[in-house]
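All remarks here apply to the structure that follows.
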Amino acid sequence: MLQGKVDAVVMTGGVSNSKRFVDKVKEYAGWVAPFIVYGGDFEMEALASGAIRYLTGAEAPKEYTGVPVWSGFSFEP
């Protein structure tokens with residue numbers, strides 16, 4: 001648990017290029033900790049990399065059903 005000890009709120013990805021969006025998120029979450037924006041949009045490279053891994057047989061395809069399979073962290077303080 002963070003228990004209020006947050007080093008920073010970091011935004012990245014293509015959405016970080018939208019000043020309007022970043023400003024709105026800062027309005028709601030900027031008080032939590034220093035707000036850092038790392039512009040960049042490498043989503044397309046990540047998608048292409050995954051496609052190449054599948055096409056070369058390095059990775060098997062995954063099926064996404066929309067049903068959550070993750071129930072959270074099993075963390076004990």
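Sequential numbering of the sequence shown, starting at 1, is according to the working numbering. All C-beta atoms in this analysis are idealised placements derived from N, C-alpha and C, irrespective of residue type, glycine included.
Nonlocal neighbours in the same chain, by C-beta distance under 6 Å from Arg-53, ignoring five residues either side:
Looking up residue 53 in the sequence shown gives position 53. Result list for Arg-53: Glu-59, in chain order.
Which residues in the same chain as Gly-13 place their Cβ atom closer than 8 Å to its Cβ, once the five residues preceding and following it in sequence are excluded?
Here the question's residue 13 lines up with position 13 in the sequence shown. Counting only Cβ-Cβ distances below 8 Å, and skipping sequence neighbours, we find Gly-40, Asp-41, Phe-42 and Glu-43.
Ignore the nearest five residues each way along the sequence and tell me which others in Gly-50's own chain have a CB closer than 8 Å to its CB.
Counted from its first residue, the sequence shown places residue 50 at position 50. Glu-59, listed in sequence order.
Suppose you measure from the CA of Val-9 to the CA of Leu-55; what does that come to, to the nearest Å?
As a first step, residue 9 must be located in the sequence shown, where it is residue number 9. As a first step, residue 55 must be located in the sequence shown, where it is residue number 55. So the alpha carbons of these two residues sit roughly 36 Å apart.
For Phe-78, name the three-state secondary structure that DSSP assigns.
The structure shown does not extend to residue 78, since the chain spans only 1 to 77, so no value can be given for it.
Three-state class that DSSP yields for Tyr-38 in the structure shown:
The count along the sequence shown starts at 1 and reaches residue 38 at position 38. Reduced to three states, the DSSP call for Tyr-38 is strand.
Considering Cα atoms alone, identify which of Trp-31, Val-22 and Phe-21 is closest to Asp-7.
For the purposes of this step, residue 7 is identified with residue 7 of the sequence shown, where counting begins at 1. When each option's Cα is compared against that of Asp-7, the closest is Trp-31.
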